[in-house]
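Q: Anchor point for the sequence shown: position 260 equals 317 in the working numbering, and the numbering is continuous, going up by one each time. The beta-carbon is built from N, C-alpha and C at its ideal position, and this holds for glycine as well.
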Amino acid sequence: MIDRRSFFVLGLVSGMPPRRLPPADPFTLGVASGDPAPDGFVLWTRLAPVPMAEDGHGGMPKETVPVQWEVAADPSCEHVVRRGTEDAAREWAHSVHVEVTGLEPGREYWYRFRAGPHVSPVGRARTAPAIGVPGGAATLALTSCANYQHGYFTAYARVAEERPDLIVHLGDYIYEYAKGEHACPGGNVRDHEGHESRTLADYRRRHALYKTDPDLRAAHAVAPWVSVMDDHEVTNNWMSLVPSARRAAAFRAYYEHMPLRSDARPKGPRIRLYRRLRWGDLLTLHMLDTRQYRDPLPCGPGFQECPQAAKKDRTITGADQERWLLDGFRGSGARWDLIGQQVFFGHRGRGDDIGEEVVRQDAWDGYSGSRTRVTRGWMDAGVRNAVVLTGDVHSHWAGDLALDYDDPGSPVVGTELAVTSVTSGGDGHDGDRARDALLARNPHLRFHLRRRGYILLKIDQAALTALFKTLPYVRLPGAPVTVASTFVIADRVPGLVRQP
Ligand SMILES: [Fe+2]
């Protein structure tokens, strides 16, 4: 008998893989970090020498495989400050989640993994600044909606080049659609691997397919991610009506492929994704789950006309999450409170893309009571600057938030920044008459652009600057990125100011 440590050393010294690990490189899906705290972060990888293996197990054997990890103070990993070993078990698709602690606040680190003779790429992470230390600045990249079939993940590559402190992903990280299904204008540019994802093996293969994209791997390796799901990680516009076995499969695969802490490990058809991160005294980031706890629509999912939905007591967060959020506003004390969530928050009115007489239901407009309670919650708590971060809509949007959208005199009390898609919808376009009309009749909406890209937020004590970045195309690889528009929110002055 040899213990695990000597087994490992034996494997390394002889240059031979441990008996249980296939000879091919198991780090095909890359490395990631996430959910930074002042003393550490999560490290993630998954062993998958054959990422698209039919059974969803990535070409791995049944056995548990020990994976060594190390965190270093330098990019060449010469000055290792933490190391350990974590088991990669088949029941979690040989994924590895390490919650590193004991690090210094507010600085960069680098990390890598080793399994047998195989060494992973090096990733960069960083810890959050210590709470109670005033000052500081942060750069955040916002992303959402990356349909693999609709284009190349150039936006992720450009995000990686920005080297932000944090990458916030607001959902639709994968799409469940079958090969060729829901083509974008001009047709899909690459294919999903098969039928619509429904089983655990399906979702595991879909996540693996996405992570075979080098641009996505680059974005994961460059900075810690803070991510939440929206609908397509399960199925289009899903609610609690989706069979629990399918939800359980989708949640499990999501956890297995993302740098999440153990309290996000799903329990069957339930996953706890709403959570809070602090970034010194500068930021509190409240990440919400608006999908899992919402009241089902009385008229079914989607955008159907639904007069009953005007009922004020419908909730999009559920009571527990709403209480948690309002408590979080009261306890924050940060310069900026960012609310990261999935669907459009501000009043958009009658949906331009769904007919003039229909209020879009898959948004806070369908849950206006929830919206009023949350808005009043941050006002009553004395939140200094409230900024809602939104995904889902496949367009850049910027808008001012009010408490009462029916009262034209209702003051601006916050801001919404909605990020466009990485690819979903294909190349997009610049002009959009329907939305120009919507902007003209809704004074709260300030900006809209149907191009692909991401938002870069530069935040300091004095201001939050939002750079709306766009790509001219995603149907071909390698597009350059440009800043389409820049808005500034000054400290204690809610509302957007467009920069020349
Ligand atoms: Fe989407």
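In chain order, what residues have a CB nearer than 5 Å to some heavy atom of ligand 1?
A: Selection output, chain order preserved: Cys202, Asp229, Ser481.
Q: In chain order, what residues of the same chain lie with their CB nearer than 8 Å to the CB of Asp558, ignoring the 5 residues before and after it?
A: Nothing about residue 558 can be read from this structure; the chain reaches only from 58 to 557.
Q: Is Ser565 helix, strand or coil when you go by DSSP?
A: Only positions 58 to 557 of the chain appear in this structure, which leaves residue 565 out of reach.
Q: Kindly indicate which three-state DSSP category Ala240 falls into: helix, strand or coil?
A: Within the sequence shown, residue 240 is the residue found at index 183, counting from 1. Looking at Ala240 - three-state DSSP - the assignment turns out to be coil, as it is neither helix nor strand.
Q: Give me whichever residues DSSP pairs with Met109 in a beta bridge.
A: The residue labelled residue 109 in the question sits at position 52 within the sequence shown. Answer is none; Met109 lacks a bridge partner.
Q: With Ala130 and Leu104 assumed to form a contact (beta carbons below 8 Å), what rounded beta-carbon distance in angstroms separates them?
A: Translated into the one-based positions of the sequence shown, residue 130 becomes position 73. Translated into the one-based positions of the sequence shown, residue 104 becomes position 47. Ala130 to Leu104, Cβ: 26 Å. No contact.
Q: Is Pro95 near ligand 3, judged by its Cβ being under 7 Å from some heavy atom?
A: Ligand 3 is absent from the structure shown, which contains only ligand 1.
Q: Can you tell me which of Ile512, Leu513, Ala455, Asp449 puts its alpha carbon nearest to the alpha carbon of Gly552?
A: Taking the first residue of the sequence shown as 1, we reach residue 552 at position 495. When only C-alpha atoms are compared, the closest one is Ala455.
Q: Below 8 Å between beta carbons: does that hold for Pro79 and Pro123?
A: Counted from its first residue, the sequence shown places residue 79 at position 22. Counted from its first residue, the sequence shown places residue 123 at position 66. No, these two residues do not count as a Cβ contact at 8 Å.
Q: With contact counted as at least three CB pairs below 8 Å, one residue from each stretch, are the segment 206 to 225 and the segment 189 to 198 in contact?
A: Verdict: yes, contact present.
Q: Excluding the 5 residues preceding and the 5 following Ala520 in the sequence, name in chain order all residues of the same chain whose CB lies nearer than 7 Å to its CB.
A: Counting from one through the sequence shown, the residue named residue 520 turns up at place 463. Same-chain partners within the cutoff: Val545, Ile546, Ala547, Asp548.
Q: Among Asn293, Glu143, His136, Gly208, which has the Cα closest to the Cα of Pro534?
A: As a first step, residue 534 is located in the sequence shown; it is residue number 477 there, counting from the start. Nearest C-alpha to Pro534: Gly208.
Q: Taking C-alpha atoms, which residue in Ser452, Asp419, Thr374, Thr184 lies nearest to Tyr331?
A: Within the sequence shown, the letter at position 274 stands for residue 331. The residue with the shortest Cα to Cα distance from Tyr331 is Thr374.
Q: Going by other Cβ atoms of all chains shown within 10 Å of its Cβ, with 16 needed for buried, is Ser254 buried or exposed?
A: By 1-based counting over the sequence shown, the position of residue 254 is 197. By the neighbour-count rule (16 or more Cβ atoms within 10 Å), Ser254 is buried.
Q: Measuring straight from C-alpha to C-alpha, what distance separates Leu446 and Arg77?
A: Locating residue 446 in the sequence shown gives position 389, where the first residue counts as 1. Locating residue 77 in the sequence shown gives position 20, where the first residue counts as 1. Roughly 45 Å between the two C-alpha positions.
Q: Taking His289 and Asp229 to be in contact with their CB atoms under 8 Å, please state how far apart those CB atoms are, rounded to whole angstroms.
A: Stepping through the sequence shown from its first residue, residue 289 is reached at position 232. Stepping through the sequence shown from its first residue, residue 229 is reached at position 172. Contact holds; Cβ gap of about 4 Å.
Q: Checking the sheet assignment: what are the DSSP bridge partners for Ala172?
A: Along the sequence shown, one-based indexing puts residue 172 at 115. DSSP lists His175 as partners of Ala172.
Q: In the DSSP assignment, find the beta strand (DSSP E) that holds Lys526 and state where it starts and stops.
A: Along the sequence shown, one-based indexing puts residue 526 at 469. First-last of the beta strand (DSSP E) with Lys526: 520 to 528.
Q: If you draw a straight line from the C-alpha of His151 to the C-alpha of Ser319, how long is it?
A: For the purposes of this step, residue 151 is taken as the residue at position 94 of the sequence shown. For the purposes of this step, residue 319 is taken as the residue at position 262 of the sequence shown. Each residue's alpha carbon lies about 15 Å from the other.
Q: Helix, strand or coil: which one does DSSP assign to Tyr209?
A: On the sequence shown, position 152 is the one that residue 209 refers to. If DSSP states are grouped into helix, strand and coil, Tyr209 belongs with coil.
Q: Where does the unbroken alpha helix (DSSP H) through Met436 begin, and where does it stop?
A: Residue 436 sits at position 379 when you count from the first residue of the sequence shown. Start and end: 425 to 437.
Q: Taking a contact to mean a Cβ-Cβ separation below 8 Å, would you say Thr432 touches Ala203 in this structure?
A: For the purposes of this step, residue 432 is taken as the residue at position 375 of the sequence shown. For the purposes of this step, residue 203 is taken as the residue at position 146 of the sequence shown. Not closer than 8 Å, so no.
Q: Using DSSP with H/G/I as helix, E/B as strand and the rest coil, what is Lys268?
A: For the purposes of this step, residue 268 is taken as the residue at position 211 of the sequence shown. In this structure, Lys268 counts as helix in the three-state DSSP scheme.
Q: Assuming Asp259 and His343 are in contact, meaning their beta carbons sit under 8 Å apart, how far apart are those beta carbons, in whole angstroms?
A: Working through the sequence shown from its first residue, we reach residue 259 at position 202. Working through the sequence shown from its first residue, we reach residue 343 at position 286. Not really, about 32 Å apart at Cβ, beyond 8 Å.
Q: Please state whether the Cβ-Cβ distance between Val285 and Gly91 is less than 8 Å.
A: In the sequence shown, residue 285 corresponds to position 228, counting from 1. In the sequence shown, residue 91 corresponds to position 34, counting from 1. No, these two residues do not count as a Cβ contact at 8 Å.
Q: With burial defined as no fewer than 16 other Cβ atoms inside 10 Å of the residue's Cβ, what is the status of Leu298: buried or exposed?
A: The residue labelled residue 298 in the question sits at position 241 within the sequence shown. Exposed: under 16 other Cβ atoms inside 10 Å.
Q: Which residues in the same chain have their Cβ closer than 6 Å to the Cβ of Ser389, if we skip the five residues on either side of it in sequence?
A: Counting from one through the sequence shown, the residue named residue 389 turns up at place 332. Thr341.
Q: Determine the direct distance from the alpha carbon of Asn442 to that of Val550, and round the result to whole angstroms.
A: Within the sequence shown, numbered from 1, the residue matching residue 550 stands at position 493. Within the sequence shown, numbered from 1, the residue matching residue 442 stands at position 385. Using only the alpha carbons, I get a separation of about 8 Å.
Q: Can you round the beta-carbon distance between Ala185 and Leu334 to whole angstroms, since I take them to be within the 8 Å contact cut?
A: Within the sequence shown, the letter at position 128 stands for residue 185. Within the sequence shown, the letter at position 277 stands for residue 334. Confirmed, about 7 Å.
Q: Between the Cα of Gly251 and the Cα atoms of Ala212, Arg215, Ala110, Asp352, which residue gives the shortest distance?
A: Sequence index remark: in the sequence shown, residue 251 carries index 194 (1-based). Looking at the Cα atoms, Ala110 is the closest of the given residues.
Q: Beta strand (DSSP E) containing Ser389: first to last residue?
A: The residue labelled residue 389 in the question sits at position 332 within the sequence shown. Unbroken run through Ser389 is the alpha helix (DSSP H), 376 to 389; no beta strand (DSSP E).
Q: Can you have a look at Thr158 and say buried or exposed, based on whether 16 or more other CB atoms are within 10 angstroms of its CB?
A: Reading the sequence shown from its first residue, position 101 is the one you call residue 158. The residue in question, Thr158, is exposed, as its Cβ has fewer than 16 Cβ neighbours within 10 Å.
Q: What distance in whole Å lies between the Cβ atoms of Tyr166 and Trp126, which are believed to be in contact at a cut-off of 8 Å?
A: Position 69 of the sequence shown, counted from the start, is the residue given in the question as residue 126. Position 109 of the sequence shown, counted from the start, is the residue given in the question as residue 166. Not quite, the Cβ-Cβ distance comes to about 12 Å (not below 8 Å), so this is no contact.
Q: In this structure, how does DSSP classify Tyr511 when only helix, strand and coil are distinguished?
A: On the sequence shown, position 454 is the one that residue 511 refers to. Note: Tyr511 maps to strand in three-state DSSP.
Q: Among all the DSSP beta bridges, which residues are the ones paired with Val469?
A: Within the sequence shown, numbered from 1, the residue matching residue 469 stands at position 412. Per DSSP, Ala459.
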